[in-house]
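Here the structure is laid out as structure tokens; the discussion comes afterwards.
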Amino acid sequence: MEGVQTISGLQERILHEPNCLDRLIVDLAVNVTAMFRDPAFFVALRDKVIPMLRTYPFLRIWNAGCSSGEETYSLAILLEECGMDERSRIYATDINDAVLRRAREGVFPLEKMREYTANYHRAGGTREFSSYYDADSKVARFRPSLVRNVVFAQHNLASDGSFNEFNAIVCRNVLIYFDRNLQDRVHDLFFDSLATFGVLGVGEKESIRFTRHAAAYEEIDPDQRIYRKVV
Ligand SMILES: C[S@@+](CC[C@H](N)C(=O)[O-])C[C@H]1O[C@@H](n2cnc3c(N)ncnc32)[C@H](O)[C@@H]1O
């Protein structure tokens with residue numbers, strides 16, 4: 650893609666061309682995502698987490714590693730259906746500016762809507778999923794009002810610090826790509842960023858077991874990898 654023949658040729662280019670580093674990151678980072686991915690996770694949020702969070706006057710939620718926004722829109726739809734959208738703010742972050750631009754636009758391929766509609770209903774959604782978007786022959790444009798309380802911003806979990814105190818952090822299918830040291834760093838960051846009784850949701854192949862903060866969390870739904878900070 651870069652037209653260089655050797656790794657050192659690529660290194661040379663990365664050192665001297667900032668855009669080349671951006672292209673490398675975009676290419677290396679796995680951005681696969683979906684709306685209401687793993688629907689049972691969203692059922693657990695609806696049934697077990699929202700009732701706890703409802704007691705707060707205002708919620709700050711960090712969606713870390715949000716990719717192109719499908720997960721963030723899913724969270725926003727869930728909050729709206731639970732009547733919590735007006736008193737919540739989602740901070741949706743990713744290392745990759747290109748996917749964040751797509752997230753801000755909220756325009757997703759129409760061909761995905763059949764899969765996302767099925768996920769939405771399996772996730773406990775009760776409305777017409779199509780009421781959330783306008784479709785043309787190629788794309789579905791999600792209602793901008795869904796994300797009026799969402800801040801999309803670049804944040805690198807490997808090097809950036811905490812930027813707020815959150816009542817919930819959703820970071821799914823990101824840590825699975827990190828080695829143990831980097832996972833430890835991110836768990837330190839999440840622990841420092843969560844309020845007491847804050848909720849942490851990770852991906853189905855991820856866990857806080859065996860991390861140094863394991864004892865500081867209780868399990869809310871171990872199958873769905875949802876935990877609550879109790880210290
Ligand atoms: C496989 S996607 C997961 C998206 C979404 N959370 C989901 O489960 O569908 C992983 C995302 O993590 C992001 N990512 C990778 N390394 C990161 C880092 N160091 N800091 C923040 N985001 C990162 C990637 O850019 C990508 O968008």
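The sequence shown lines up with residues 650 to 880 when you count with the working numbering.
By construction, the Cβ of each residue, glycine as well, lies at the ideal position given by its N, Cα and C atoms.
Source: prediction; values computed, not measured.
Residue burial annotation: Ala767 is exposed, with fewer than 16 other C-beta atoms found within 10 angstroms of its C-beta.
Judged by their CB atoms, Glu729 and Ala683 are not nearer to each other than the 7 Å cut-off.
Residue range Pro688 to Ala693 is occupied by the alpha helix (DSSP H) that includes Pro688.
Here the C-alpha atom of Val653 lies approximately 29 Å from the C-alpha atom of Ser808. Under DSSP, Asn712 forms a beta bridge with Ala741 and Val819. In this structure, ligand 1 has a non-hydrogen atom nearer than 6 Å to the beta-carbon of Leu806.
A distance below 6 Å between beta-carbons, with the five flanking residues on each side excluded, links Val879 to the following residues of its chain, in chain order: Glu867. Between the alpha carbons of Val698 and Gly773 lies a gap of roughly 14 Å.
Taking the C-beta atoms as reference points, Val819 is found nearer than 7 Å to Asn712. Taking a C-beta distance under 7 Å as the contact criterion, Ser737 and Leu694 do not qualify as a contact pair. Here His836 is buried. Its C-beta has 16 or more other C-beta atoms within 10 Å. The DSSP-derived three-state label of Ala683 is coil. In the three-state DSSP reduction, Arg771 falls in the helix class (H, G or I). CA-to-CA, the gap between Ile857 and Tyr876 works out to about 8 Å. Excluding residues up to 5 positions away in sequence, Gly755, Val756, Tyr782 and Asp783 lie with their Cβ nearer than 7 Å to the Cβ of Arg790 in the same chain.
In the DSSP assignment, Ala844 falls within the unbroken beta strand (DSSP E) covering Leu843 to Val851. When the alpha-carbon of Val800 is set against those of His862, Tyr740 and Pro688, the nearest one is in Tyr740. Taking 7 Å as the cut-off, the beta carbon of Thr742 is found no closer than this to the beta carbon of His665.
Per DSSP, the continuous alpha helix (DSSP H) segment holding Ile699 begins and ends at Ile699 to Leu702.
Tyr765 and Phe685 have their C-alpha atoms some 7 Å from each other. Between the alpha carbons of Gly850 and Asn822 lies a gap of roughly 10 Å.
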